[in-house]
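A.B. asks: Below you'll find the structure I mean.
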Amino acid sequence: MNPLHEQFITEARELVQQATDDLIALDREGPTPERIDRVFRAFHTLKGSAGIVELPAMGLMLHAAEDLLAALHAGHVAADSAVVDQGLACLDQVSQWVDEFEVHATLPTDAAEAARVMAERLRALLPGNGSEPEAASHGPLAASVAGALPAWISDLVDSQSAPIARALGERPRALWAISYEPHTGCFFNGDDPVGMMRQVPDLLAFRIEPREAWHGLADLDPYVCNLRLRAISGGDRAELARIFRLVPDQVRIVEVPAEALRPGQEMAAAAGDSSGLIRSIIAEQQASIRASSGEEDFAGRVGAAARSAANALRHGRRGDWAERIELAGAAALSQRDAASLLSALDEALASMRDHSAADDHASVSEPADSPAGEAAARPALRLLRVDEVKIDALVNMAGELIVAKNGLAHLARRVQDTLGDRSLADAVDREHETIERLAGDLHAAILQLRMVPLAQVLRPFPRLVRDMSQRLHKKVALTTRGETAEADKAIVDRLFEPLLHLVRNALDHGIEGPEERRAAGKHEVASIAIQASRSGDRFVAEVIDDGRGIDPAAIRRKARERKLMAEDELAALSDEQVIDLIFLAGFSTAVEISDISGRGVGMDVVRTTVEQIGGRVSVTSAVGAGTTVRLDLPLNIALSRIMVVETGGQSFGVPMDAVTETVRLTPDRIRQIKSNNGFVWRDRVVPICPLAELMKLPGKPSGLEAKLLIVAEAGGKLAALEVDAIGDRLDIVLKPMQGLLAGAKGYSGTTLLGDGRVLLVLDLKEMLS
């Protein structure tokens with residue numbers, strides 16, 4: 038894939054996401070001129086980019102969406118849910134095609150037909166349910182209906198009035214007018230314009246004319262196509278779409294209803310009689326725009342001038358020019374610059390003075406469509422895209438530097454212990470402190486390159502909640518807070534799936550229907566909040582809803598039915614512990630299974646995914662008041678903090694995020710609980726597990742001395758590890774177990790100590806399960 042295509046894919050995905058966000062906000066908070074402008078610019082830029090990489094089907098569809106947004110900006114269309122739905126559907130199609138283009142460097146074979154269908158859906162929302170003739174006829178492969186037809190159609194009908202009349206016979210029917218303007222280099226693409234026109238069924242009229250005046254014979258290039266091919270067909274629309282499916286951006290198919298077929302002279306006379314008045318109206322609009330006035334009435338002057346000129350042109354059967362004036366007006370409003378509109382009005386006047394028969398000349402287009410216009414309109418972004426692999430390489434090198442720094446600390450202690458020269462030892466120690474500070478700062482700065490805000494994960498959720506609440510016939514308002522809170526990219530990327538399950542469960546199980554909420558005295562619009570924050574060196578994300586909550590009695594009943602544990606054990610659990618059972622694999626309280634949830638998958642995935650990245654999950658709920666699920670995560674996974682402990686004559690690393698507290702207990706505080714020793718800690722009974730026994734190492738004989746314990750929590754279980762000593766607390770780069778040790782149980786990885794020894798880091802969740 039060439040760099041141009043790569044840039045298109047990256048930019049297209051960003052624009053699709055931006056436009057999606059703005060459409061959702063428009064639906065949720067109402068339209069504002071700034072928001073509509075942003076959506077219009079996103080679609081406009083997407084259309085221009087699709088043209089640059091030669092994706093005509095995508096450009097066709099986006100052009101229709103742009104027309105709809107221009108009408109929305111002008112106030113001709115209301116910003117209702119139907120407009121938002123079709124806009125989102127268009128963006129979904131663009132996103133799907135971008136993915137296809139990334140893999141195959143082309144669009145699917147049915148893209149042209151899919152684009153035509155989507156374009157018709159979008160234009161059906163224009164004023165008059167799609168009956169606005171010019172809105173429908175503008176753009177490639179578009180349909181028009183009765184009313185003012187472009188002059189080229191009436192001329193073509195007049196030239197072949199007899200065969201057309203015979204074809205219509207006694208049963209009037211709609212015909213199709215075709216205007217095919219091949220690209221100048223179409224021969225190099227293998228296109229045969231005349232051959233395509235020969236395939237048109239029921240061809241009633243046909244004309245070939247030059248698109249531009251022919252050059253002298255000496256300057257004529259026989260390999261440049263300078264043709265415009267026009268025809269009237271009584272064939273099937275689907276067959277016409279099939280014939281021109283590979284060149285949809287070069288073809289316009291306009292419906293000509295039978296009742297609109299009338300002598301061409303009448304139409305030409307109607308246009309000719311009013312041409313002087315139309316030119317006067319356009320000139321007055323130019324004078325109005327150029328009138329010196331403040332910026333406060335800019336939008337009013339430009340908008341009114343564009344509408345007046347377009348209406349005058351439409352009255353004179355110059356619909357394509359009216360369309361161009363409206364688009365130029367929309368561009369002028371979005372850019373706060375009337376130059377594009379003035380230029381379009383000048384061109385319209387020149388065309389009318391020359392009495393050009395080709396009112397929709399393809400060589401005239403809005404200036405903003407040019408790459409130069411796009412570049413001028415696009416703000417300069419001071420961003421540098423770097424391959425993630427390069428960032429990971431930097432992180433790995435910084436991690437190795439941290440390991441080397443730890444080794445330098447060991448050497449500094451040896452120098453201090455073995456040399457009698459105290460001044461030399463102090464100098465080494467000072468240099469070590471400097472290198473330690475610089476290495477730490479460098480490592481922290483590199484890790485910041487991987488820090489990304491939660492906003493990129495939260496962006497799909499407004500759309501998700503909107504679509505799912507409509508399917509479930511529930512009214513739900515989503516709020517997000519803490520979008521700027523940052524964590525390691527690996528953490529943020531892995532966070533999407535747990536949040537997705539939590540929001541889906543809240544929508545399907547937690548949130549009541551409007552009637553049930555009203556009966557319970559609640560507002561019929563439910564609330565779901567996703568909020569994130571940074572707490573010390575931890576990253577906290579919460580999903581909160583104000584639904585029916587989790588009923589511990591229902592959990593107990595379901596656990597009893599499934600025989601998850603003995604009856605006496607279940608009865609001994611507190612309500613908080615019972616609620617924690619929802620994280621068991623396959624556990625579900627759903628009465629009905631739907632395509633959204635209810636199959637017992639989801640909450641176990643949440644806990645598993647979060648724990649795989651070193652996090653913890655907790656739930657608090659009140660019946661009738663709602664539920665809060667809290668995800669407690671590390672800020673990054675490139676650097677781990679451990680506590681070095683000793684037991685049985687060996688050293689091990691214990692992850693600090695699992696350590697709750699260290700305590701030293703005298704024997705009188707330890708009690709025999711069933712077959713294990715334990716003690717009471719903060720109103721909870723905590724079992725004591727000798728680490729030497731777990732590691733199958735020789736332990737110290739029991740005596741009357743106090744025991745050193747590490748209270749740790751992993752996998753929802755609380756236990757106290759008995760150790761012989763506690764050493765340093767270190768920031769380390771954790772390496773996974775490799776080779777023969779890759780399948781070893783109870784270890785999360787290894788790291789190097791300063792003296793070169795390999796330290797095994799324990800996986801407490803696996804050890805305590």
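For the sequence shown, my numbering assigns the number 38 to the initial residue and increments by one for each residue that follows. For every residue, glycine included, the Cβ atom is placed at its ideal position computed from N, Cα and C.
1) Does P177 come out as helix, strand or coil in the three-state DSSP assignment?
2) Could you round the C-beta distance between E48 and S86 to whole angstroms and report it? I think they count as a contact, below 8 Å.
3) Give me the residue from V452, I616, D478, R487 with the minimum Cα distance to D424.
4) Under the rule that 16 or more other beta-carbon atoms within 10 Å means buried, what is A387, buried or exposed?
5) Taking only the alpha-carbon atoms, compute the straight-line gap between G112 and L63 and give it to the nearest angstrom.
6) Between the Cα of N713 and those of A102, G652, P727, spot the shortest distance and give me the residue it belongs to.
7) Give the straight-line distance between the Cα atoms of L277 and D258, rounded to the nearest whole angstrom.
8) Assign K84 to one of two classes, buried (16 or more other C-beta atoms within 10 Å of its C-beta) or exposed (fewer than that).
9) Which one of P285, V261, R267, I290 has the shortest CA to CA distance from R274?
10) Leaving aside the five residues before and after L445 along the sequence, list all residues of the same chain whose C-beta is less than 8 Å from its C-beta, in chain order.
11) Alpha carbon to alpha carbon, what distance is there between L212 and S407?
12) When the Cα of L364 is compared with those of G227, F45, A101, D641, which residue comes out closest?
13) Is it the case that the Cβ atoms of L796 and S688 are separated by a distance below 8 Å?
14) Leaving out the 5 sequence neighbours to the left and right, which residues in its chain are closer than 7 Å to A94 when beta-carbon positions are compared?
15) Does DSSP put S520 in a helix, a strand or coil?
16) Cα separation between T516 and V580?
17) Within 10 Å of its beta-carbon, does L475 have 16 or more other beta-carbons around it, so buried, or fewer, so exposed?
18) Three Cβ pairs or more, each shorter than 8 Å: is that satisfied between the region 655-667 and the region 607-622?
19) Between the C-alpha atoms of I326 and A369, what's the straight-line distance to the nearest angstrom?
20) So what does Y784 bridge to, in DSSP terms?
21) Residues in the same chain with beta-carbon distance under 6 Å from R282, minus the five sequence neighbours each way, listed in chain order, please.
22) Using the C-alpha atoms, what's the distance from R597 back to A590?
23) Would you mind sorting A413 into buried or exposed? The rule is 16 or more other CB atoms within 10 Å of its CB.
24) For F716 versus L702, is the C-beta distance shorter than 8 Å?
25) Can you find the residues in the same chain that come closer than 7 Å, C-beta to C-beta, to A556, ignoring five residues on each side of it along the sequence?
26) Short check: CB of S270 to CB of P238, under 8 Å?
27) Could I get the ranges of all uninterrupted beta strand (DSSP E) runs contained in the region 223-263, with 3 residues as the minimum, in chain order?
28) Going by beta carbon distance, what residues of the same chain come within less than 8 Å of I650, once the five residues before and after it are set aside?
29) Is the distance from the Cβ of L536 to the Cβ of I587 below 8 Å?
30) What is the DSSP secondary structure of G764, reduced to helix, strand or coil?
31) Does the separation of the CB atoms of A492 and E520 fall below 8 Å?
32) Nearest by alpha-carbon distance to I362: which of A756, Q322, L241 is it?
33) Would you mind listing the beta strand (DSSP E) stretches within the region 448-531 that are 3+ residues and don't spill past its ends, in chain order?
34) CB V76 to CB A56, shorter than 8 Å?
35) Grab me the residues of L159's own chain with a C-beta within less than 7 Å of its C-beta, minus the 5 sequence neighbours each way, in chain order.
36) When the distance is taken between beta carbons, is D59 closer than 8 Å to R72?
C.D. replies: With the given structure in hand:
1) Residue confidence for P177 is low, a pLDDT of 35 falling below 50, so the modelled location carries little weight; the figure read from the coordinates is stated next. Under the three-state reduction of DSSP, P177 is assigned to coil, being neither helix nor strand.
2) At roughly 6 Å, the Cβ-Cβ gap stays under 8 Å, so E48 and S86 are in contact.
3) Closest by C-alpha distance to D424, out of V452, I616, D478, R487, is R487.
4) It is exposed - the Cβ of A387 has fewer than 16 other Cβ atoms within 10 Å.
5) Rounded to whole angstroms, the separation of the alpha carbons of L63 and G112 is 15 Å.
6) That would be P727, whose Cα lies nearest to the Cα of N713.
7) Roughly 30 Å separates the two Cα atoms.
8) With a 10 Å radius around the Cβ and a threshold of 16 neighbouring Cβ atoms, K84 comes out buried.
9) Of P285, V261, R267, I290, the residue nearest in Cα terms is I290.
10) The residues H469, I472, E473, G791, in chain order, have a CB closer than 8 Å to that of L445 in the same chain once the five nearest residues on each side in sequence are set aside.
11) Because the pLDDT at S407 is just 39, under 50, the model does not fix this residue reliably, and the point stays unresolved.
12) The residue with the shortest Cα to Cα distance from L364 is A101.
13) S688 is positioned such that its CB atom lies closer than 8 Å to that of L796.
14) Correct list, in chain order: L144, A148, A149, A152, P285.
15) Strictly speaking, residue 520 in this sequence is Glu, with Ser absent from that position. Coil.
16) For the pair T516 and V580, the Cα-to-Cα distance works out to about 10 Å.
17) With a 10 Å radius around the Cβ and a threshold of 16 neighbouring Cβ atoms, L475 comes out exposed.
18) Enough Cβ pairs lie closer than 8 Å, so yes.
19) Taking the straight line joining both Cα atoms gives about 11 Å.
20) The beta-bridge partner set that DSSP reports for Y784 consists of L799.
21) A149.
22) Distance between the alpha carbons of A590 and R597: 10 Å.
23) Residue placement at A413 is poorly supported in this model, since its pLDDT is 37, which falls under 50; the coordinates are not used for a value here.
24) Annotated as proximal: F716 and L702, with beta-carbon spacing under 8 Å.
25) Within the same chain, A556 has no close Cβ partners at all.
26) Yes; because the gap between Cβ atoms is below 8 Å, this pair is in contact.
27) As for any beta strand (DSSP E) of minimum length 3 sitting wholly inside the region 223-263, the runs are 240-247, ordered along the chain.
28) Cβ neighbours of I650 beyond the five flanking positions: A527, I528, R531, L670, P671, I674.
29) Not a contact, by the Cβ cut-off of 8 Å.
30) G764 falls in the strand class under three-state DSSP.
31) The answer is yes: Cβ separation under 8 Å.
32) Closest in C-alpha terms to I362, from the list A756, Q322, L241, comes Q322.
33) The region 448-531 contains these whole beta strand (DSSP E) runs: 488-490, 513-518, 523-525.
34) Remark: C-beta atoms of V76 and A56 approach each other more closely than 8 Å.
35) Annotation for L159: A101, A102, L105, Q123, C127 place their beta carbon closer than 7 Å to its own, counting only its chain and skipping 5 residues before and after.
36) Yes, the Cβ-Cβ distance between R72 and D59 is below 8 Å.
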